[in-house]
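Presented below is the structure to which this report refers.
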Ligand SMILES: [Ca+2]
Ligand SMILES: [Ca+2]
């Protein structure tokens, strides 16, 4: 059920979800409407975009017999702890909590529970869904999800560090339905007050994917750690698309290598994915990522021959570096930087392109005073540009226009 998050980060929306034999409503890529009328993920506005930290979530309610009955308050990483260890921000949902400090009454005997209610109206909805699926996370344990007050057996013993999938089977009422996500705070702990909240994502909900930039996606643009077909490389293999063009004095020359996937420094580095892997300019050539402090330049290139530089060009992706990285396009600073390696940060460039081959450089700075892990990760790298029409087709276009004009002229003469 890891269809959330990554699909959106890549700008690709899941269109349909078929889960455990239940078919869920599907949305076209362009639709931004809710799956079911009134049913929203936690922490989003009417357009399904995530709300800022401390905003009030008007779609959800704390209902009796909750420990408190107050307006749900959105919590994002902008407010600091407890996100994380709570599940990180994304574009689909945000945490909701009873208060701006994300705390509320708890009770060691388990009596302090919160009934977080989402409502949806099936009046006139056709076809009526057979089930509602999604994923949730909670602080502390999730006790159940009630459909119209009835238990469904969905629990979240894993609490707040990850999402757990849920399935609520019907039958649903033909009018208004309620889903209550029941969360306990502090059961079994010594606290009588503490951090508590819930995070819910319904399958298929979320903002529509942004439209692709103008032009077409050009070939020959590669993430780190993949072969010519975009398939991830094995451990400790040179990346043919990213060269190391500068490194600290005293380091040993080495190609950019894929780092061993089975342990430190991944994590704390963000995990490898099916579309990209971490690279290091490893002098040790064992792919453990350790190398001297200083700057390493990783360079990749793409070719705009045949594309129109007078039309918009967009280069975008996401990246991370240990310890930090900046991006240069054709040796010019872009002002884009990233510090840290725990998550990928998106970037977009729309200027600085040259005719022919362009170079994209990632200058990674490794800190410390002795050899220590350093690496680069680039994912979702894409370049969009408009092809220059072939001379032949341009001529045909002109001839076509003349033919149409001539036809119009003849028609007027006849009339
Ligand atoms: Ca708690
Ligand atoms: Ca480092």
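Residue numbers (my numbering): 67 to 481. Cβ coordinates follow ideal geometry from the N, Cα and C atoms, glycine included. Please read these numbers as outputs of a predicted model, since none were measured by experiment.
Nearest-angstrom Cα separation, counted from residue j out to residue i
i	j	result
residue 118	residue 111	10 Å
residue 114	residue 175	37 Å
residue 443	residue 299	13 Å
residue 347	residue 440	8 Å
residue 428	residue 452	25 Å
residue 163	residue 422	53 Å
residue 287	residue 410	18 Å
residue 257	residue 177	12 Å
residue 435	residue 358	8 Å
residue 389	residue 144	22 Å
residue 191	residue 104	12 Å
residue 226	residue 271	21 Å
residue 303	residue 392	24 Å
residue 56	residue 142	Because the chain spans 67 through 481 in this model, residue 56 falls outside it and cannot be assessed.
residue 150	residue 127	24 Å
residue 403	residue 430	10 Å
residue 232	residue 130	23 Å
residue 189	residue 138	26 Å
residue 419	residue 454	15 Å
residue 155	residue 316	41 Å
residue 331	residue 259	36 Å
residue 167	residue 135	16 Å
residue 367	residue 237	56 Å
residue 157	residue 116	6 Å
residue 243	residue 187	6 Å
residue 301	residue 229	29 Å
residue 219	residue 284	49 Å
residue 399	residue 345	22 Å
residue 255	residue 209	16 Å
residue 173	residue 253	6 Å
residue 335	residue 325	11 Å
residue 216	residue 289	48 Å
residue 122	residue 307	47 Å
residue 99	residue 107	Reliability fails at residue 99, whose pLDDT of 39 lies under 50, so the model's placement of it is uncertain and the value that follows must be treated cautiously. Cα-Cα distance, rounded: 12 Å.
residue 196	residue 239	11 Å
residue 211	residue 198	11 Å
residue 373	residue 394	21 Å
residue 356	residue 333	14 Å
CB of residue i within 9 Å of CB of residue j, strictly
i	j	result
residue 213	residue 194	no
residue 432	residue 369	no
residue 364	residue 310	yes
residue 446	residue 384	yes
residue 313	residue 305	no
residue 338	residue 327	yes
CB contact check: residue i to chain B, cutoff 9 Å
i	result
residue 288	Protein chain content of the structure displayed is limited to a single chain, and chain B is not contained in it.
Supposed contact pair residue j and residue i - C-beta distance, whole angstroms, cut 8 Å
i	j	result
residue 152	residue 109	Actually they are not in contact, since the Cβ atoms of residue 152 and residue 109 sit about 12 Å apart, beyond 8 Å.
residue 251	residue 133	7 Å
residue 406	residue 386	7 Å
residue 124	residue 265	Actually they do not touch by this definition, with Cβ atoms about 17 Å apart.
residue 262	residue 170	5 Å
residue 396	residue 376	With a Cβ gap of about 17 Å, residue 396 and residue 376 do not count as contacting.
Original post:
Three or more C-beta pairs closer than 8 Å, one from the region 376-396 and one from the region 406-420: is that the case here?
Top reply: Under the Cβ criterion (8 Å, minimum of three pairs), the region 376-396 counts as touching the region 406-420.
Original post:
Touching or not, the region 195-205 and the region 230-248, by the rule of three or more beta carbon pairs under 8 Å?
Top reply: In short, these stretches touch, since the Cβ pair count reaches three.
Subject >> Contiguous beta strand (DSSP E) assignments of at least 3 residues, all confined to the region 125-151 >> reply: Within the region 125-151, the complete beta strand (DSSP E) runs of at least 3 residues are 127-129 and 139-141.
Subject >> 3-residue-minimum beta strand (DSSP E) runs that sit fully inside the region 232-274, ordered along the chain >> reply: Within the region 232-274, the complete beta strand (DSSP E) runs of at least 3 residues are 242-250, 259-261 and 263-268.
Original post:
What are the uninterrupted segments assigned as beta strand (DSSP E) that are 3 or more residues long and contained completely in the region 194-235, given in chain order?
Top reply: Fully enclosed beta strand (DSSP E) runs of 3 or longer: 197-205, 208-213 and 230-235.
Original post:
Are there three or more Cβ pairs, one per stretch, closer than 8 Å when the region 288-295 is compared with the region 167-185?
Top reply: With a cut-off of 8 Å, the region 167-185 and the region 288-295 do not count as touching, because too few Cβ pairs lie within range.
Subject >> Any alpha helix (DSSP H) of 4 or more consecutive residues that is wholly inside the region 330-396 >> reply: Runs found: none.
Original post:
Going along the chain, which residues put their C-beta within less than 6 Å of some heavy atom in ligand 3?
Top reply: This structure lacks ligand 3; its bound ligands are ligand 1 and ligand 2.
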